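In the working numbering, the protein residues as written are 37 to 346. Note that CB positions come from ideal geometry on N, CA and C, so glycine has one too. Quantities reported herein were computed from a predicted structural model and do not represent experimental measurements. Presented below is the structure to which this report refers.
Printed below as a string of structure tokens:
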């Protein structure tokens, strides 16, 4: 083991074709991934915790309007944003998550506050926004979260639905979009964090897999997982925890366990997407069953990967 730590991040999965991204857009997305990865690495290389590393990495992506979380979140069918996030400390199996927040600049920070400062795991909607204000987290009004590209995507999707299109027939790029991070620190602790705006034109009030511990986010003493994809399918197969169960109870290597879930469980239920995972030895897996996933990692051997396509 060259590095006594490892980290992986993702910025969403879906139909991401080389010809669909202009060179400047691709460069900006890669720069965003590199920035998030470097933020997490800075924490880990200085002896910081996995929990701090995944939080700061996700915050970088939440602040980047190119990714569907925080500043760049998509709109629901009523034309406003509802943000979700989760964070989990593997050693203690403590977790916190939030759903339906509209005023919190960095929902992952609020999820961590729920974990560390309340007796609960999940808070939602107006009460979660109010708690964020109470404890002094940075807030923003609706104008901060507005991006023209997300608004245009909403209009396109609403028009498609109005002509009889089914929600489940939406393009993968419309349906997917989440950011996440998993990390192993020098002390052997693992953590995971995930944040999302959900899916374009989702029903107001919809809750996806991200804030459901075990579905889109999981960490224990053996591994940490963050998912991205068709959220309802991740919930139906409890995807993140299914990876953990395969490692713990079946003794599967991390890569095999992840592949079984992504190419087996999800596909069997008609789900598309991917996940990132790291285990206690610093092995990393980043499988996806669609055309692309924004991803980056540095494993325990010090090998750096930053990629979008297959």
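Where residue i falls: helix, strand or coil (DSSP)
i: residue 222; result: coil
i: residue 78; result: helix
i: residue 191; result: helix
i: residue 277; result: helix
i: residue 103; result: coil
i: residue 58; result: coil
i: residue 260; result: strand
i: residue 130; result: strand
Backbone CA spacing between residue i and residue j [nearest angstrom]
i: residue 46; j: residue 218; result: 9 Å
i: residue 318; j: residue 200; result: 48 Å
i: residue 209; j: residue 329; result: With a pLDDT of only 48 at residue 209, under 50, the local geometry of the prediction cannot be trusted, and the value read off the model is given with reservation. Going from the Cα of residue 209 to the Cα of residue 329 covers about 11 Å.
i: residue 113; j: residue 190; result: 8 Å
i: residue 70; j: residue 332; result: 7 Å
i: residue 138; j: residue 240; result: 12 Å
i: residue 97; j: residue 115; result: 22 Å
i: residue 275; j: residue 297; result: 7 Å
i: residue 270; j: residue 86; result: 24 Å
i: residue 308; j: residue 66; result: 22 Å
i: residue 141; j: residue 101; result: 12 Å
i: residue 337; j: residue 39; result: 6 Å
i: residue 52; j: residue 222; result: 35 Å
i: residue 161; j: residue 72; result: 27 Å
i: residue 164; j: residue 91; result: 18 Å
i: residue 273; j: residue 267; result: 10 Å
i: residue 99; j: residue 68; result: 10 Å
Residue i, buried or exposed, once every other Cβ within 10 Å from all chains shown has been counted against 16
i: residue 136; result: buried
i: residue 145; result: buried
i: residue 129; result: exposed
i: residue 167; result: buried
i: residue 107; result: buried
i: residue 250; result: buried
i: residue 188; result: exposed
i: residue 211; result: Its pLDDT being 46, under 50, residue 211 is placed unreliably by the model, and nothing is read from it.
i: residue 340; result: exposed
i: residue 178; result: exposed
i: residue 153; result: exposed
Of the listed residues the options, nearest to residue i (C-alpha basis)
i: residue 252; options: 65, 120, 62 and 83; result: 120
i: residue 230; options: 242, 270, 166 and 105; result: 105
i: residue 254; options: 304, 133 and 79; result: 133
i: residue 194; options: 124, 57 and 110; result: 110
i: residue 176; options: 117, 67 and 196; result: 117
i: residue 197; options: 56, 237 and 147; result: 237
i: residue 301; options: 322, 279 and 67; result: 279
i: residue 214; options: 48, 42 and 44; result: 48
i: residue 246; options: 277, 222 and 226; result: 277
i: residue 41; options: 322, 224, 232 and 288; result: 224
i: residue 324; options: 316, 335 and 344; result: 344
i: residue 183; options: 103, 226 and 273; result: 103
i: residue 157; options: 181, 83 and 248; result: 248
i: residue 185; options: 244, 61 and 55; result: 61
Residue i and residue j closer than 8 Å at C-beta
i: residue 257; j: residue 126; result: yes
i: residue 311; j: residue 294; result: yes
i: residue 124; j: residue 228; result: yes
i: residue 216; j: residue 281; result: no
i: residue 260; j: residue 314; result: yes
i: residue 44; j: residue 322; result: yes
i: residue 122; j: residue 93; result: no
i: residue 242; j: residue 233; result: no
i: residue 147; j: residue 171; result: no
i: residue 334; j: residue 77; result: yes
Chain C within 8 Å of residue i, Cβ atoms only
i: residue 79; result: Within the model displayed, chain C is absent; a lone protein chain is all it includes.
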